[in-house]
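> Read left to right, the sequence shown gives residues -17 to -1, 1 to 131 (mature numbering (1 follows the signal peptide of the UniProt record, and there is no 0)).
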Amino acid sequence: MIPLVRATALLCLAALAGCSVYSTPGRQPAPVETRPGSEVVSPQPAPPAEPRPAPQPAQPPEPNASNAYGPLLARADKASAGGDYEQALALLERAQRIDPDSAEVYLALARTYAAKGDNSQARATAERGLLYCRSNSECGQLRALAGR
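Below, the structure is given as structure tokens:
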């Protein structure tokens, strides 16, 4: 049985190798015949009507709340202040999907969990946020919520 499988595999490999395309080295392409009077004329590009302005360098994203999730943070803060923690958490999770590396979002999540009374989740979220904090005040607030 094994010799039959081996022979079949070798036969398949030989068939595939025969299908490969290979051109011999040193072979020149066929010459192109040109007739007198049939010269190739290359069109000249038209001058640009107006010079294009130079592209502006890309601006780095702001480290603070971006325009994308800033309104979500504000709405979550209102919901949390009103005692609607589930709505606040839903808004903050949306903000986190927009910028998963934002310590500001982690801080808001940790504060909301703490206000809700879920201290273990608040600590875990704050510890995760410590991976992304950049400013001393942000890191200090996350450390306080993490219990460090």
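Even for Gly, the Cβ is constructed at its ideal location relative to N, Cα and C.
This one's a predicted model, so the numbers in the text were calculated from it and none came from an experiment.
What residue does the alpha helix (DSSP H) around residue 50 start on, and which one ends it?
Looking at the DSSP string, residue 50 is not in any alpha helix (DSSP H), and its letter there is neither H nor E.
> Using the C-alpha atoms, what's the distance from residue 63 back to residue 75?
Roughly 11 Å separates the two Cα atoms.
> Quick check: the Cα distance between residue 53 and residue 81, rounded to an integer number of angstroms?
Near 10 Å, if we compare the C-alpha coordinates of residue 81 and residue 53.
> With 16 other CB atoms within 10 Å as the buried threshold, where does residue 57 fall?
Counting Cβ neighbours within 10 Å, residue 57 comes out exposed, since fewer than 16 surround it.
> Can you tell me whether residue -10 sits near the ligand ADP, meaning its C-beta is under 7 Å from at least one heavy atom of the ligand?
For the structure depicted, the ligand ADP is absent and the ligand set is empty, with no information on it obtainable.
> Going straight from the alpha carbon of residue 48 to that of residue 87, what length do you get?
Because residue 48 sits at a pLDDT of 48, beneath the cut-off of 50, its placement in the model cannot be relied upon, and the following sentence gives the value as read from the coordinates. Their Cα atoms are separated by approximately 7 Å.
> Span of the alpha helix (DSSP H) holding residue 15?
Note, residue 15: premise wrong, no alpha helix (DSSP H); not H, not E.
> Assign residue 109 to buried or exposed, taking buried as 16 or more other Cβ atoms, counted over all protein chains shown, within 10 Å of its Cβ.
By the neighbour-count rule (16 or more Cβ atoms within 10 Å), residue 109 is buried.
> What first and last residue would you give for the alpha helix (DSSP H) that runs through residue 126?
Counting along the chain, the alpha helix (DSSP H) containing residue 126 begins and ends at 119 to 129.
> Can you tell me whether DSSP reads residue 74 as helix, strand or coil?
In the structure shown, residue 74 sits in a helix (DSSP, three-state: H, G or I).
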